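Residue numbers (our numbering): 1286 to 1962.
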């Protein structure tokens, strides 16, 4: 591709739905997804603006899951790094792993350790901490962070300062983390006890824990999970009865929605204990796992797997994890601890129900199931189209992972051709990526309004999930899908940071005949109660006409619908309807490229509005040059206009009588606007 001809176009994709995999014929799939499908112009050669041609199954990629390990943000087996912050001479670690567990020792700022006084974190210490996060971002790595007053995370003594100074330290590091919220997936509450695991210190009490939890929630960005050590600590803070915790259904916007669990006794038990508590993590395992099954869909759950020589039914094996980790939505574990357990997994032959992993180890399976793992299972899309029409597709995606993605991502379609790259953003976020649920299907069915100046040619179509529109490649923490290769074709394009779905050919508009019905001239005066014989306008995505004969195609393949004329009323006497008032325009502005946004004041009791626009004056003489659109809203965007041309625009309101005929009000004043953008 010629990099000097790099083009970006930001558009809006109209629809996304969540559901089960679609089946049946290609046209049924498209119709079921809510895409209006026209006949293939290769048969009729007559199309309406924004029509979508039939969708065809794509064979560009494999729909099978790969068993390769794939690095994605915020999930997987982590490796720890230890950072000691001092009043003077702090240094940053340069280590980086796909998922890094930062264990930060800040005991030097406690008077009980330094022998002087409790002190605030110095700029030198904060800069060293920030340098670690900056380095992780540089290498596209993510982190879980924990602070403790436990020197070197070794020994049996901790040195917490006064609770007020602890809260001050939280505020200070919270300011740094807020600048790197894309890097930090979760902060484990920490601060108290050995290894910051909230046990083994006189400071470990309900009052201190609750203050620390509140402070983290106050100083950290909303997209950063705050994890506490046990569900009981969560209940002590939230006021929920732990015996009834499964009924605690938090809602987005609540503080409790952001609080999760870090389990450093994962699947552990010891001695003669027949009660499976994960080394004291759970009071009532069954009840608390029901709560986790919901809460861990939007908070990051994980920890350290430990030894288990107890007498209970829970086992610390890959085989057991397959039965429980889909319930707890486990996203991360320590690859180094417990090393005996991890090594046993690497020797354990996979014995679960997924045939794909036959011959693999238990470790291979767990590694590929921690967190989310998206696999494209089917793609139907437009094969050929023009910029006069719309591009459509239906994509079925399966989340094979234990968990959901807990961070939302922009969903961006990328068209890559020899003449440049076009990006189309989904802005409605009807179904966020965070709701592509574990062990379930998601279906996206966008239709795209292609820009009029998009060059003809063949384009590869990619889906990019990333933090923002501005980022490119591996920046913005894009998500890689887990599809296997097809021949030598990889689904992942690291240059774009996007996943291949298929390809489409954009043809010249000369290959089609545009169906542009001629409008009947509107009366200059307020019309009497006679039926309207004007053809029904083709609705755009913003049009919601009422009681107008539908021209939307069914799921069967038909030729492009022609304009229908409202039938004449019967001889029965129709109720008279008073014409609506004259419309007053508020603004007609060229805010975006080749578009006009028209706004007007709402007319009381109006059923809808008619917009007319043309390069010629709006009169009977130029009727054939006038285009008409309908809407029920008080704003409308006219698209695909010509740059440096002047357009005439006017609007009128209408009501519907009992027979469905339109009764028009007077036209607004005509506005003349030049398209400069």
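Ideal placement from N, C-alpha and C gives every residue a C-beta, glycine not left out. Fair warning: this is a prediction, and the values are worked out from it, not measured in the lab.
Excluding five sequence neighbours on each side, which residues of the same chain lie with their C-beta closer than 6 angstroms to the C-beta of residue 1952?
Once the five neighbours on either side are set aside, the close Cβ partners of residue 1952 are 1935 and 1937.
As a quick exercise: from 1553, 1440 and 1483, pick the residue whose alpha carbon is nearest that of residue 1519.
Cα-wise, what sits closest to residue 1519 is 1483.
Please state whether the Cβ-Cβ distance between residue 1577 and residue 1535 is less than 8 angstroms.
No; because the gap between Cβ atoms is not below 8 angstroms, this pair is not in contact.
Are the CB atoms of residue 1744 and residue 1785 nearer to each other than 8 angstroms?
No, Cβ-Cβ distance for residue 1744 and residue 1785 is not below 8 angstroms.
Going by beta-carbon coordinates alone, are residue 1739 and residue 1791 separated by less than 8 angstroms?
In this structure, residue 1791 lies closer than 8 angstroms to residue 1739 by Cβ.
Answer with buried or exposed for residue 1559, where buried requires no fewer than 16 other C-beta atoms within 10 angstroms of its C-beta.
Its Cβ having fewer than 16 others within 10 Å, residue 1559 is exposed.
When the Cα atoms are used, what is the spatial distance from residue 1589 to residue 1926?
Looking at the two C-alpha atoms, the distance is approximately 60 angstroms.
Cβ of residue 1800 within 8 angstroms of Cβ of residue 1331?
Yes. Within cutoff.
Tell me which residues share the same chain as residue 1872 and place their Cβ nearer than 7 angstroms to its Cβ, disregarding the 5 neighbours each side in the sequence.
Around residue 1872: 1884.
Please state whether the Cβ-Cβ distance between residue 1509 and residue 1469 is less than 8 angstroms.
Yes, Cβ-Cβ distance for residue 1509 and residue 1469 is below 8 angstroms.
Determine the burial state of residue 1915: buried for a count of at least 16 other Cβ atoms within 10 Å of its Cβ, exposed for fewer.
Buried, since its Cβ has 16 or more Cβ neighbours within 10 Å.
Taking the alpha carbon of residue 1504 as the point to measure from, which residue in 1922, 1460, 1514 and 1668 has its own alpha carbon closest?
Among 1922, 1460, 1514 and 1668, the Cα nearest to that of residue 1504 is on 1460.
Under the rule that 16 or more other beta-carbon atoms within 10 Å means buried, what is residue 1723, buried or exposed?
Buried, because 16 or more other Cβ atoms sit within 10 Å of the Cβ of residue 1723.
For residue 1882, I'd like the list of residues in its chain whose CB is within less than 7 angstroms of its CB, leaving aside the five on either flank, ordered along the chain.
Excluding residues within five positions, the ones whose Cβ falls inside 7 angstroms are 1874, 1876, 1920 and 1922.
Count the other CB atoms within 10 Å of the CB of residue 1694; is the residue buried (16 or more) or exposed (fewer)?
Looking at its Cβ environment, which holds 16 or more other Cβ atoms inside 10 Å, residue 1694 is buried.
Just how far apart, CA to CA, sit residue 1639 and residue 1424?
Roughly 33 angstroms between the two C-alpha positions.
So does the region 1493 to 1501 actually touch the region 1442 to 1456, counting three or more Cβ pairs closer than 8 angstroms?
They touch, by the three-pair rule.
I'd like the list of long-range same chain contacts for residue 1409, defined as Cβ closer than 7 angstroms, with 5 residues on each side in sequence excluded.
1373 and 1375.
For residue 1906, which three-state DSSP category applies?
Of the three classes helix, strand and coil, the one that applies to residue 1906 here is helix, per DSSP.
Return the bridge partner residues of residue 1728 from the DSSP annotation.
In DSSP, residue 1728 forms a bridge with 1681.
For residue 1814, does the three-state DSSP call read helix, strand or coil?
Reliability of the predicted coordinates at residue 1814 is poor, the pLDDT of 42 falling under 50, and no value is obtained from them.
Do you know offhand how far residue 1673's Cα is from residue 1878's?
Their backbone Cα atoms lie some 16 angstroms apart in a straight line.
Can you tell me whether DSSP reads residue 2010 as helix, strand or coil?
With the chain represented from 1286 up to 1962, any question about residue 2010 goes unanswered, as that position is not in the structure.
Return yes when the Cβ of residue 1431 is within less than 8 angstroms of the Cβ of residue 1489, no when it is not.
No, the pair does not count as a contact, with Cβ atoms beyond the cut-off.
Thinking C-beta only, is residue 1616 closer than 8 angstroms to residue 1360?
Taking 8 angstroms as the Cβ cut-off, residue 1360 and residue 1616 qualify as a contacting pair.
Could you tell me which residues DSSP pairs with residue 1365 in its beta bridges?
Note: residue 1365 sits in a beta bridge opposite 1386.
Measuring alpha carbon to alpha carbon, tell me which residue in 1471, 1464, 1474 and 1447 is nearest residue 1487.
Nearest C-alpha to residue 1487: 1447.
Rounded to whole angstroms, what's the CA-CA distance from residue 1655 to residue 1610? Just pull it up for me.
One C-alpha to the other measures close to 8 angstroms.
For residue 1798, is the classification buried or exposed, using 16 other Cβ atoms within 10 angstroms of its Cβ as the cut-off for buried?
Exposed, since its Cβ has fewer than 16 Cβ neighbours within 10 Å.
Please go through the same chain and pick out, in chain order, the residues whose beta-carbon is closer than 8 angstroms to the beta-carbon of residue 1391, but skip the five residues on each side of it.
1370, 1406, 1410, 1432, 1433, 1434 and 1454, listed in sequence order.
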